[in-house]
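Report on one structure; see the data block that follows.
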DNA sequence: GTGGTCTAGACCACC
DNA sequence: GTGGTCTAGACCACA
């Protein structure tokens with residue numbers, strides 16, 4: 002897992018440390034990084050994204066407390082052995098549910114038809130897969 | 002526009018005053034309240050949702066600064082004449098785009114197939130239409 | 002003194018009733034209306050400027066309390082006999098002093114040279130005399 | 002930019018938070034503080050001027066919404082990169098125009114000669130430069 | 001250390 | 001009746 006693989010946007014309402022933690026969480030859940038996979042060092046991550054090292058450290062510490070990461074003395078953080086990676090599709094969909102619910106509420110307030118919104122989302126995901 | 006028509010959830014990461022402002026914004030954009038429509042008084046809104054009047058006032062003040070609301074001195078707030086209400090479907094979809102983009106990114110990180118996510122969203126919107 | 006001679010702008014930070022009272026005060030001080038001169042009726046003033054009659058009434062009441070206006074039963078308000086009209090130029094300049102002080106502070110914060118500001122003000126007054 | 006550089010007067014009709022915002026605006030426009038310049042912390046400003054922190058915060062929030070200030074999370078507010086600082090003399094004069102117009106109207110209602118008023122203003126500005 | 005949010009309550013200004 | 005302003009103080013989130 003390279004530091005450059007992360008996408009961080011300061012100025013977003015979501016705090017930086019949570020952006021980092023969220024991405025790690027989701028990538029682990031998707032099975033994109035097996036137990037034992039090393040994470041970018043705090044120093045690297047901070048340098049690459051021009052962010053305060055304490056911010057990166059906070060994200061890692063939180064993930065460690067959740068049991069998603071493990072600290073290997075002298076080596077840094079790695080994905081925990083007990084991290085439940087490669088979850089089923091349903092489990093991962095469930096993880097997305099709150100965000101979906103919030104979006105659905107906003108769409109309804111905008112009086113948008115369900116199929117149009119779903120279609121727009123699908124297109125956006127396909128485009129991102131190609132470009133991003 | 003009745004105070005009870007608003008849905009406020011404390012404890013959400015999104016601050017209350019922004020929840021209110023967001024809902025007004027979307028309802029105006031959807032054309033659900035034409036220019037001149039009066040808003041619930043600060044005191045009513047605060048009482049109905051068990052919230053501090055200042056919190057409601059903050060939402061209104063922000064919308065006034067954006068030109069969405071107008072203050073009628075001694076009477077209350079109304080939807081501004083120059084507020085761009087009843088926007089086209091495309092405009093409203095565009096207003097939802099940032100939220101869609103964010104969701105798409107999360108879904109991709111969870112390695113979820115686009116059609117599945119879109120389908121889940123559509124179902125959720127249909128269910129909300131019945132219940133909510 | 003005709004109702005149309007007044008210039009009222011809602012939406013200005015200065016409250017409407019004070020705009021009215023201020024104009025009467027200054028016009029009396031300038032000797033533009035002698036003691037006994039009748040003022041526009043509350044009803045007329047309110048109709049002409051699309052303002053709440055209570056707002057006009059409040060301005061008049063305040064001026065009456067200051068001794069600038071008198072209520073003549075059945076006839077309406079007139080400029081008071083004891084109103085000190087036609088003040089000297091120095092007196093009238095003194096009345097303008099607070100506003101001048103505030104403007105001077107703003108100009109200083111904008112780092113504007115005194116002569117330029119004074120010149121701009123003089124031009125603006127001359128132009129207004131022609132047009133307004 | 003030091004907190005002591007600000008001049009706040011409670012009891013003035015202009016609310017305190019607007020006094021602060023106005024001064025920042027004018028100082029930025031005058032180029033007295035370049036983009037990136039840090040502002041006094043909310044707490045400092047509040048303490049120095051014996052004002053509630055929320056009042057200062059309100060001024061800053063409003064300026065941030067206008068794009069004049071930027072929030073550096075965890076650090077404080079700085080003058081925005083996109084803030085249009087160091088405006089030309091004409092631009093700054095234009096910023097003063099509404100205030101000038103209002104003053105001109107009052108002076109005209111007092112039937113004061115333009116040159117006398119302009120002279121009084123110029124003297125006041127020169128005196129302030131010495132003392133203030 | 002920084003700013004943000006919210007509360008409770010007071011007082012004012014306007015219509 | 002309406003909203004606006006300010007205070008005092010608590011608690012949170014971020015870096």
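Chains as they are written, first to last, in this note's numbering: chain A, 2 to 133; chain B, 2 to 133; chain C, 2 to 133; chain D, 2 to 133. Think of the CB as a built atom: it goes at the ideal place given N, C-alpha and C, for glycine as much as any other residue. The structure displayed is predicted, hence computed values, not measured ones.
Does residue i pass the burial test, meaning 16 or more other C-beta atoms within 10 Å, or should it be called exposed?
i, result
"residue 93 of chain A", "buried"
"residue 125 of chain D", "buried"
"residue 133 of chain C", "Residue confidence for residue 133 of chain C is low, a pLDDT of 48 falling below 50, so the modelled location carries little weight; the figure read from the coordinates is stated next. It is exposed - the Cβ of residue 133 of chain C has fewer than 16 other Cβ atoms within 10 Å."
"residue 105 of chain A", "buried"
"residue 15 of chain B", "exposed"
"residue 13 of chain D", "exposed"
"residue 97 of chain B", "buried"
Residues of chain B with a CB under 9 Å from the CB of residue i: which are they?
i, result
"residue 118 of chain A", "94, 97, 101, 119, 122, 123 and 126"
Note down, in chain order, every chain B residue with its Cβ under 8 Å from the Cβ of residue i.
i, result
"residue 107 of chain A", "23, 27, 97 and 100"
Of all the options the options, which has the alpha carbon lying nearest to the alpha carbon of residue i?
i, options, result
"residue 40 of chain C", "C:62, C:107 and C:51", "C:62"
"residue 27 of chain D", "C:110, C:34 and C:118", "C:110"
"residue 25 of chain C", "C:16, C:100, C:44 and C:64", "C:64"
"residue 73 of chain D", "D:42, D:23, D:115 and D:123", "D:42"
"residue 7 of chain C", "C:53, C:20, C:80 and C:108", "C:20"
"residue 90 of chain D", "C:108, C:16, C:90 and C:76", "C:108"
"residue 114 of chain D", "C:119, C:115 and C:99", "C:119"
"residue 48 of chain D", "D:16, D:9 and D:75", "D:9"
"residue 82 of chain D", "D:38, D:128, D:11 and D:127", "D:38"
"residue 76 of chain C", "C:11, C:44 and C:128", "C:44"
"residue 127 of chain B", "A:11, A:127 and A:112", "A:112"
Can the beta-carbon of residue i be found closer than 8 Å to that of residue j?
i, j, result
"residue 60 of chain B", "residue 18 of chain B", "yes"
"residue 36 of chain B", "residue 84 of chain B", "yes"
"residue 4 of chain D", "residue 55 of chain D", "no"
"residue 30 of chain A", "residue 88 of chain A", "yes"
"residue 34 of chain D", "residue 78 of chain D", "no"
"residue 70 of chain C", "residue 57 of chain C", "no"
"residue 122 of chain B", "residue 101 of chain A", "yes"
"residue 32 of chain A", "residue 86 of chain A", "yes"
"residue 22 of chain B", "residue 66 of chain D", "no"
What does residue i touch in chain D if you count any residue whose Cβ is under 7 Å from its own?
i, result
"residue 70 of chain C", "Within 7 Å Cβ-Cβ: nothing; residue 70 of chain C doesn't reach chain D, min ~16 Å."
Can you list the residues of chain C that residue i reaches, using a CB-CB cut of under 8 Å?
i, result
"residue 112 of chain D", "31, 32, 33 and 93"
Could you tell me which chain A residues have their CB closer than 7 Å to the CB of residue i, listed as they occur along the chain?
i, result
"residue 115 of chain B", "123, 126 and 127"
Anything in chain C within Cβ reach of residue i, meaning under 7 Å, just list it in chain order.
i, result
"residue 40 of chain D", "Under the 7 Å cutoff, chain C gives no residues; its nearest Cβ is about 15 Å from residue 40 of chain D."
List the residues of chain D whose Cβ lies closer than 8 Å to the Cβ of residue i, in chain order.
i, result
"residue 104 of chain C", "97, 100, 101, 104 and 122"
Is residue i close to the ligand MN? I mean its beta-carbon at under 7 Å from any heavy atom of the ligand.
i, result
"residue 93 of chain D", "The ligand MN is not among the ligands present in this structure, which contains no ligands whatsoever."
Residues of chain B with CB closer than 7 Å to the CB of residue i, please, in chain order.
i, result
"residue 64 of chain A", "Simply none; closest approach about 14 Å."
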